[in-house]
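Trainee:
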Amino acid sequence: MKRKQFIGATLLSLILGKSLAQETKKDKRMAQLKKGTIIHVVYFWLKEGISKEEEQDFLRYFDVLETIPQVQTLNFGKPAPTTKREVVDHSYSYNLICTFKNLEDITIYENHPTHVVGAKKFSKYWTRVEVKDTQLM
Numbered sequence: 001m002k003r004k005q006f007i008g009a010t011l012l013s014l015i016l017g018k019s020l021a022q023e024t025k026k027d028k029r030m031a032q033l034k035k036g037t038i039i040h041v042v043y044f045w046l047k048e049g050i051s052k053e054e055e056q057d058f059l060r061y062f063d064v065l066e067t068i069p070q071v072q073t074l075n076f077g078k079p080a081p082t083t084k085r086e087v088v089d090h091s092y093s094y095n096l097i098c099t100f101k102n103l104e105d106i107t108i109y110e111n112h113p114t115h116v117v118g119a120k121k122f123s124k125y126w127t128r129v130e131v132k133d134t135q136l137m
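Counted from 1, the sequence shown has number 13 at position 13 by UniProt numbering; the numbering is strictly sequential.
#1: Determine the burial state of His90: buried for a count of at least 16 other Cβ atoms within 10 Å of its Cβ, exposed for fewer.
#2: For Gly49, which beta-bridge partners are listed by DSSP?
#3: If I measure Cβ to Cβ from Val64 and keep anything under 7 Å in the same chain, skipping five residues before and after, which residues do I get?
#4: Would you call the region 32-39 and the region 74-85 in contact, with 3 or more CB pairs under 8 Å?
#5: I'd like to know whether the C-beta atoms of Asp105 and Gln135 end up nearer to each other than 8 Å.
#6: What is the residue span of the beta strand (DSSP E) that Leu96 lies within?
#7: Spell out the partners DSSP gives Val42 in its beta bridges.
#8: State buried or exposed for Thr73, treating a residue as buried only when at least 16 other CB atoms are found within 10 Å of its CB.
#9: Any idea which residues DSSP pairs Gly77 with across the strands?
#10: Counting along the chain, where does the alpha helix (DSSP H) carrying Pro113 start and finish?
#11: Taking His112 as the reference, which of Ile97, Pro79, Thr67, Asp133 has the closest Cα?
#12: With a Cβ-Cβ cutoff of 8 Å, do Tyr43 and Tyr92 count as a contact?
#13: Where does Thr99 land, buried or exposed, given buried means 16+ other C-beta within 10 angstroms?
#14: Quick one: measure Cβ to Cβ for Tyr94 and Lys78, integer angstroms, because I've assumed they're closer than 8 Å.
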């Protein structure tokens with residue numbers, strides 16, 4: 001009987017422990033990105049033949065955008081060397097990901113003089129830009 005109780009208690013603690021760990025993970029994720037958060041994803045295709053110096057100058061655009069107070073987070077990178085598949089697009093040069101607390105903040109950002117002037121200044125380096133915004137549920 002004691003063996004059955006021990007096994008039962010062990011199984012119960014494993015199940016509860018896993019459940020609590022999942023809740024903690026979920027709480028941490030939710031604490032970082034709350035309902036209503038806007039994820040602003042921008043893809044840039046740079047012009048063919050720009051120099052390394054010009055590319056470095058283009059990257060300064062992200063430093064400029066980061067100064068806008070409504071930007072909560074700002075990250076950027078190049079396409080990951082993941083497996084080539086029909087649904088994966090590796091054609092862009094850089095990707096920018098920003099988060100905003102809400103729709104009001106991204107609207108302020110879109111019209112902020114730093115954003116508008118920066119887009120005009122740095123647009124000489126790209127041929128195409130694509131924006132995809134998501135509001136978390």
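Yeah, the Cβ is synthetic: ideal placement off N, Cα and C, and Gly gets one too.
Mentor: Quick answer:
#1: Stepping through the sequence shown from its first residue, residue 90 is reached at position 90. Exposed, by the Cβ-count rule.
#2: Here residue 49 refers to the residue found at position 49 when the sequence shown is read from its first residue. In the DSSP output, where bridge partners are listed per residue, Gly49 has none listed.
#3: Numbered from its first residue, the sequence shown carries residue 64 at position 64. Thr114, Gly118.
#4: no
#5: Here residue 105 refers to the residue found at position 105 of the sequence shown. Here residue 135 refers to the residue found at position 135 of the sequence shown. Contact: no.
#6: Taking the sequence shown and counting its residues from 1, the one referred to as residue 96 is at position 96. Its beta strand (DSSP E) spans residues 94-100.
#7: Sequence index remark: in the sequence shown, residue 42 carries index 42 (1-based). Answer by DSSP bridge pairing, in chain order: Leu96, Val131.
#8: Translated into positions along the sequence shown, residue 73 becomes position 73. When all chains shown are included, Thr73 counts as exposed.
#9: As a working mapping, residue 77 is identified with position 77 in the sequence shown. Per DSSP, Asn95.
#10: Indexing the sequence shown from 1 puts residue 113 at position 113. Taken as a continuous stretch (DSSP letters only), the alpha helix (DSSP H) holding Pro113 covers 113-122.
#11: Your numbering for residue 112 matches position 112 in the sequence shown. The shortest Cα separation from His112 among Ile97, Pro79, Thr67, Asp133 belongs to Thr67.
#12: As a first step, residue 43 is located in the sequence shown; it is residue number 43 there, counting from the start. As a first step, residue 92 is located in the sequence shown; it is residue number 92 there, counting from the start. The answer is yes: Cβ separation under 8 Å.
#13: The sequence position of residue 99 within the sequence shown is 99, counting from 1. Buried: at least 16 other Cβ atoms inside 10 Å.
#14: Stepping through the sequence shown from its first residue, residue 94 is reached at position 94. Stepping through the sequence shown from its first residue, residue 78 is reached at position 78. Going by Cβ atoms, the distance from Tyr94 to Lys78 rounds to 6 Å, so yes, they are a contact pair.
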